Amino acid sequence: MLHRATATTGRLTRVSPAVLLIAVAAVCWAITARRMDGMDMGPGTDLGSLGWFAVVWLTMMAAMMLPSLVPMAVTYAGASRDEGASSPTLGTVVFACGYLVTWLAAGVVAYGVIKAVDALDLSWLAWDKGGPYVAGGVILGAALYELTSVKSRCLRHCRNPELLTEHWRPGLSGALPMGLEHGGYCVGSSWALMAALFAIGVMNVMWMIVVAALIALEKLLPSDRGAIAGTALFIAVLGIAVAFAPDQVPGLTIPM
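Count along the sequence shown starting at 1, add 714, and that's the number in our numbering.
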């Protein structure tokens, strides 16, 4: 009986974080789709005030990133249970919050960069001038980043559960820094794909789903090299299309 109870507890420890993260992501997808309705203005979409953007961005990141965090969250919960933690699921929630904080910080940095560029009032960035080439260039830059050693190293940390537990910090006090550290590697892995999303329209729900799928495939497919190569090729083709044939890009809103 004791063995059966222990096995049941172990299964719940593995299942609970996965169910919780997927449920939160589903709610955030619903909120995001509702709030983004009619807001996509394509490349150069107005980001609004910092406070408004931060809330929207955090909701987006929860929707896009939490599903692919599930394997690491399950690993964290299992390791917490093995360490004798009283509430592995609570620790996993704190771990996920730390992970999202890194993405919130990345979004704030992106907001600052875009607002600084907007303040320069560069007329050649208009869509009827150099805009398509700039947007396409950003996306092509994201494709090139996919092929760098930095990308590979960061993605390896996002994929490998052993690397997560290599520098274990016990208790709730350790969950947050572990989430921050893991999130930092995942930002390092996927920031260029997010830059591509900004270039095509950060409020575009369809392309949010595409980018989230690419990130998930890179983290979850058996071959990380194959996933990276496929993503790089897809993004490169997209960048060329945005630069030279934006009317043919599915779901792209052409700025007025």
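Quick reminder that beta carbons are idealized off the backbone N, C-alpha and C, glycines included. Just so it is clear, the structure is predicted and the values come from calculations on it, not from any experiment.
What are the boundary residues of the alpha helix (DSSP H) that includes L966?
Looking at the DSSP string, L966 is not in any alpha helix (DSSP H), and its letter there is neither H nor E.
Does the ligand NAD have a heavy atom nearer than 8 Å to the CB of S794?
Ligands displayed in this structure: none; no statement on the ligand NAD is therefore possible.
Looking at the secondary structure, which residues open and close the alpha helix (DSSP H) in which V823 lies?
802 to 833
Starting from L764, follow the alpha helix (DSSP H) in both directions and report where the run begins and ends.
764 to 796
Whole angstroms is fine: what's the gap from L935's alpha carbon to A946's?
15 Å
Can you look up S937 in the DSSP assignment and give me helix, strand or coil?
coil
How big is the Cα-Cα spacing for I923 and M917?
11 Å
Go through its chain and collect everything with a Cβ distance to V864's Cβ below 8 Å, but skip five positions before and after it.
G902
Using a 10 Å radius around the Cβ and a threshold of 16 neighbouring Cβ atoms, would you call G953 buried or exposed?
buried
Please state whether DSSP places D961 in a helix, a strand or coil.
helix
Rounded to whole angstroms, what is the Cα-Cα separation between A959 and S794?
51 Å
Measure the C-alpha to C-alpha separation of A889 and S801 and round it to an integer number of angstroms.
12 Å
Ordered along the chain, which non-local residues of its own chain (more than five positions away) have a Cβ less than 8 Å from that of I828?
L761, F912
6 Å CB neighbourhood of C742 in its chain, flanking five on each side removed
T773, A776, A777
Would the beta-carbon of H896 fall within 9 Å of that of G758?
no
Going by alpha carbons, who is nearest to F767 out of V733, E797, V822?
V822
Contact defined as beta carbons within less than 8 Å: I believe T789 pairs with L734. What is the distance between those atoms, to the nearest angstrom?
Not confirmed; about 15 Å, so no contact.
Cα-Cα separation, M970 to H881:
50 Å
Since W905 and I914 are thought to touch, with beta carbons under 8 Å apart, how far apart are those beta carbons, to the nearest angstrom?
About 15 Å separates the two Cβ atoms, so there is no contact after all.
Cβ neighbours of P875 in the same chain (closer than 8 Å, five flanking residues each side left out):
P785, M786, T789
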